[in-house]
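The structure appears right after this line, and notes come after that.
In the working numbering, the protein residues as written are -5 to 371.
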């Protein structure tokens, strides 16, 4: 039985992961559950899955949870996340949002634990550090993002084969086909109306700006050890082809399926086996009857090129890109700035940045903290 620790158990990925585990109780045991503030849902999860450790964001919630579950260990904050990362589980599912996911991921790897990663910031800000730790500790980094999971699945059995290109697919978000003039007037409500996926607010706005795809490019570079020049984005509004790999003989392998995050979650948790799913099957004569692909408009959606440039420059640039984007998206969600201000401000911040290189974990954390403070004003 595989022991699983989940960071972000009450979010979209976390709840779907528990749904997968619920279908396969004979295979999995939950050791730790961690949430932010949704202690009501966390309490329900504790009653059902009976973990050894529960973690909340705030101390007062941890105290209340301890009263409800006196025979279970309860912790809070960063210390709690690190404890969950270092428990006796076999695999850590990191479904946290933001830079909070970096340190627990690193600590889990150092403990010799496999990681199912749904936290972009871990590899965007700390890709070099994290993947070197993965190699040194002989653990597996199993991607949960649908695009990276698709590539991971296409590469299975093709280890060592020369890759010509990686194709990352994108739905195009709610503003596909818009001009810059049209983007000047878009509202928060429009930005949060994703045409294909139901996600948290931050990642939904990232999809609207297409920064989400830029961040995924950086992730793919580190996960699959390919040059940035060999990564191409395809806008695919049907979201049936989740990504593809072109090999040196020009053969292309793609992974297809209905939009359903339980698939990449089950691939990561069940690896190297595939788990049975009760989900709906793809009907090629309906959803698969017409599949289209377009080039992204990189003049309108500048975030794509900003991510490419930051990753190519390396060092502290991706950390700055990620930190600035997180703060600016939050300000957009609060109504403090307009939609196009996100990419405009990120570009200005990157232009003014003086980079540093050969960064350790503490360096990454300090640069992230400094940039957030500057962008918040």
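Glycine included, C-beta positions come from ideal geometry on N, C-alpha and C.
Just so we're clear, the structure is a prediction, and the values are computed from it rather than from any experiment.
Tell me the DSSP bridge mates of residue i?
| i | result |
| --- | --- |
| residue 96 | None, per the DSSP bridge assignment. |
| residue 237 | 162 and 249 |
| residue 22 | -4 |
| residue 135 | 109 |
| residue 86 | -1 and 109 |
| residue 157 | 241 |
Counting only C-beta atoms, is residue i closer than 9 Å to chain D at any point?
| i | result |
| --- | --- |
| residue 10 | Absent from the structure: chain D. Only one protein chain is present. |
Tell me the residue span of the beta strand (DSSP E) that contains residue i.
| i | result |
| --- | --- |
| residue 69 | 67 to 70 |
| residue 48 | 47 to 50 |
| residue 356 | Premise fails: residue 356 lies in the alpha helix (DSSP H), 355 to 370, not in any beta strand (DSSP E). |
DSSP three-state label for residue i, please.
| i | result |
| --- | --- |
| residue 113 | coil |
| residue 225 | strand |
| residue 288 | strand |
| residue 331 | coil |
| residue 152 | coil |
| residue 27 | strand |
| residue 338 | helix |
| residue 269 | coil |
| residue 294 | coil |
| residue 312 | helix |
| residue 283 | coil |
| residue 276 | coil |
| residue 62 | helix |
| residue 76 | helix |
| residue 324 | helix |
| residue 55 | helix |
Using the Cβ count rule (16 or more neighbours within 10 Å means buried), how would you classify residue i?
| i | result |
| --- | --- |
| residue 343 | buried |
| residue 263 | buried |
| residue 276 | exposed |
| residue 19 | exposed |
| residue 362 | buried |
| residue 150 | exposed |
| residue 147 | buried |
| residue 350 | exposed |
| residue 57 | exposed |
Starting from residue i, trace the alpha helix (DSSP H) both ways and give me its first and last residue.
| i | result |
| --- | --- |
| residue 189 | It is not in any alpha helix (DSSP H) - residue 189 carries neither H nor E in the DSSP assignment. |
| residue 208 | 205 to 218 |
| residue 9 | 6 to 17 |
| residue 260 | 256 to 264 |
| residue 41 | 33 to 43 |
| residue 381 | Because the chain is modelled from -5 through 371, residue 381 falls outside the range shown and cannot be assessed. |
| residue 174 | 174 to 177 |
Query raised in the report: Are the segment 41 to 61 and the segment 223 to 231 touching by the rule of at least three beta carbon pairs closer than 8 Å?
Result: By the Cβ rule, the segment 41 to 61 does not count as touching the segment 223 to 231, because fewer than three pairs are nearer than 8 Å.
Query raised in the report: At a cut of 8 Å, does the segment 282 to 295 reach the segment 178 to 194 through at least three beta carbon pairs?
Result: No: fewer than three Cβ pairs fall under 8 Å.
Query raised in the report: Is there contact here, the segment 234 to 241 with the segment 322 to 338, by at least three beta-carbon pairs under 8 Å?
Result: The answer is no - the segment 322 to 338 does not touch the segment 234 to 241, with fewer than three Cβ pairs under 8 Å.
Requested in this report: Tell me, please, whether the segment 256 to 275 touches the segment 9 to 23 by the rule of three or more beta-carbon pairs shorter than 8 Å.
Outcome: Contact between the segment 256 to 275 and the segment 9 to 23 is present, because at least three Cβ pairs lie under 8 Å.
Requested in this report: Would you check if the segment 111 to 131 and the segment 213 to 227 touch, i.e. whether three or more CB-CB distances between them fall below 8 Å?
Outcome: The segment 213 to 227 vs the segment 111 to 131: in contact.
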